[in-house]
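What follows is the structure in structure tokens.
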């Protein structure tokens, strides 16, 4: 029988980091998911609005193909705005900081919501196109995707604010917020809530609510510690932000890791060209391009954008399609939770193997007079596993009979 005696102390993080995760999720990738699914419910009302507006202006009725073309522009302009947002998010995040850029980004969402809510009064479907374009810039600013500022920024900000030991768990919240946003878009688009002809302008403007929530709450949280140290060189500000998010302490290991990264990166900000020619990250770049490209090409966004139409073409009645669409959002949430759980289980298995096998291979065992075997492991052996200073204490003793 082999026994490994380890005294483990797990430091509980303060509530600031979970609250920041929630706030960034609400005003971040939640909006991205919301805009993808929300557009389904008012589709027939907006198409009718386009036709009526055109007839009032020019005295003629549009051909159904022309109406569908204009509707497709309204849907797809969201991704065009996202592409523009993804191209400028790096510069803005470096110039203004993660936190300030996130706050400014909420103003874009609020302006887009105002345009949406006034489109019917102004008798202009062009305003809807402009509002969707601004939504695209806003939402994809928040995530690692070729769609906007929020989509990219959310991932960057929360990843840099999380300690290394919690980073994987925290970044899962990005995908979870997207899934909740998609589900919520289907829910509020039901005819029992806001999916009616009278309410469609306000349905399209609901993005203002999460934007306002984040605009009010985010100022109470610190800037990204990594941004403060690496981009601004503010060591004191970085330590203060760490202590606010992770609790009191010197956080010397994380600080040292960031300083090493700063020395490796240098003072000059890296651009797209630098990323493409850097051999050190070439395989990582290829992996991301293949993975993200495959996700974009499998057609999942088309399923969400045109979910109602797809179900109706499959023989589902128009009255049942909205409720059936809820299943898409629910299954995505379930899949994300399941994947996160499986990843956590795999990491726990690998950690246990590391704790048992690696010390034996590295240091061997000594035979005692009572026919037991003792192994003493140096404290720095488990340093890579330390959540704070040091999370696992020594000596560690293995006894075998």
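In this note's numbering, the protein residues as written are 761 to 1161. Yeah, the Cβ is synthetic: ideal placement off N, Cα and C, and Gly gets one too.
Per DSSP, what kind of secondary structure is residue i in: helix, strand or coil?
| i | result |
| --- | --- |
| residue 800 | coil |
| residue 823 | coil |
| residue 1044 | helix |
| residue 883 | coil |
| residue 981 | coil |
| residue 795 | helix |
| residue 846 | helix |
| residue 923 | coil |
| residue 1079 | coil |
| residue 992 | coil |
| residue 815 | helix |
| residue 1095 | helix |
| residue 878 | helix |
| residue 1150 | Only weak support exists for where residue 1150 lies, its pLDDT of 39 falling under 50; the value from the coordinates is given anyway. Residue 1150 falls in the coil class under three-state DSSP. |
| residue 857 | coil |
| residue 1019 | helix |
| residue 1051 | helix |
| residue 1009 | coil |
| residue 1103 | helix |
| residue 954 | coil |
| residue 1059 | coil |
Check whether the Cβ atoms of residue i and residue j lie closer than 8 angstroms to each other.
| i | j | result |
| --- | --- | --- |
| residue 973 | residue 785 | no |
| residue 1071 | residue 1084 | yes |
| residue 896 | residue 840 | yes |
| residue 814 | residue 822 | yes |
| residue 799 | residue 888 | no |
| residue 959 | residue 794 | no |
| residue 938 | residue 781 | no |
| residue 970 | residue 921 | no |
| residue 1095 | residue 941 | no |
| residue 777 | residue 1005 | yes |
| residue 1022 | residue 989 | yes |
| residue 947 | residue 1086 | yes |
| residue 983 | residue 859 | yes |
| residue 916 | residue 1001 | no |
| residue 924 | residue 883 | no |
| residue 802 | residue 963 | yes |
| residue 796 | residue 1073 | no |
| residue 978 | residue 806 | no |
| residue 843 | residue 871 | no |
| residue 997 | residue 1082 | no |
| residue 837 | residue 892 | yes |
| residue 961 | residue 880 | yes |
When we look at the beta-carbon of residue i and count the other beta-carbons within 10 Å, is it buried (16 or more) or exposed?
| i | result |
| --- | --- |
| residue 951 | exposed |
| residue 856 | exposed |
| residue 1045 | exposed |
| residue 991 | buried |
| residue 866 | buried |
| residue 1088 | buried |
| residue 819 | exposed |
| residue 791 | buried |
| residue 725 | Residue 725 lies beyond the residue range present for the chain, which begins at 761 and ends at 1161; the question has no answer from this structure. |
| residue 903 | Model confidence at residue 903 stands at a pLDDT of 48, short of 50, so the residue's coordinates are unreliable and nothing is read from them. |
| residue 1075 | exposed |
| residue 968 | buried |
| residue 826 | exposed |
| residue 957 | exposed |
| residue 1010 | exposed |
| residue 1042 | exposed |
| residue 1024 | exposed |
| residue 898 | buried |
| residue 1051 | exposed |
| residue 1049 | exposed |
| residue 914 | buried |
| residue 1008 | exposed |
| residue 1068 | buried |
Assuming residue i is part of the alpha helix (DSSP H), what are its boundary residues?
| i | result |
| --- | --- |
| residue 1000 | 995-1006 |
| residue 785 | 776-787 |
| residue 1069 | 1067-1073 |
| residue 927 | 927-948 |
| residue 974 | 968-977 |
| residue 1038 | Here residue 1038 belongs to no alpha helix (DSSP H), and DSSP marks it neither H nor E. |
| residue 964 | 960-964 |
Kindly indicate if chain D contains any beta-carbon less than 8 angstroms away from that of residue i.
| i | result |
| --- | --- |
| residue 1091 | You won't find chain D in this structure, because it holds only one protein chain. |
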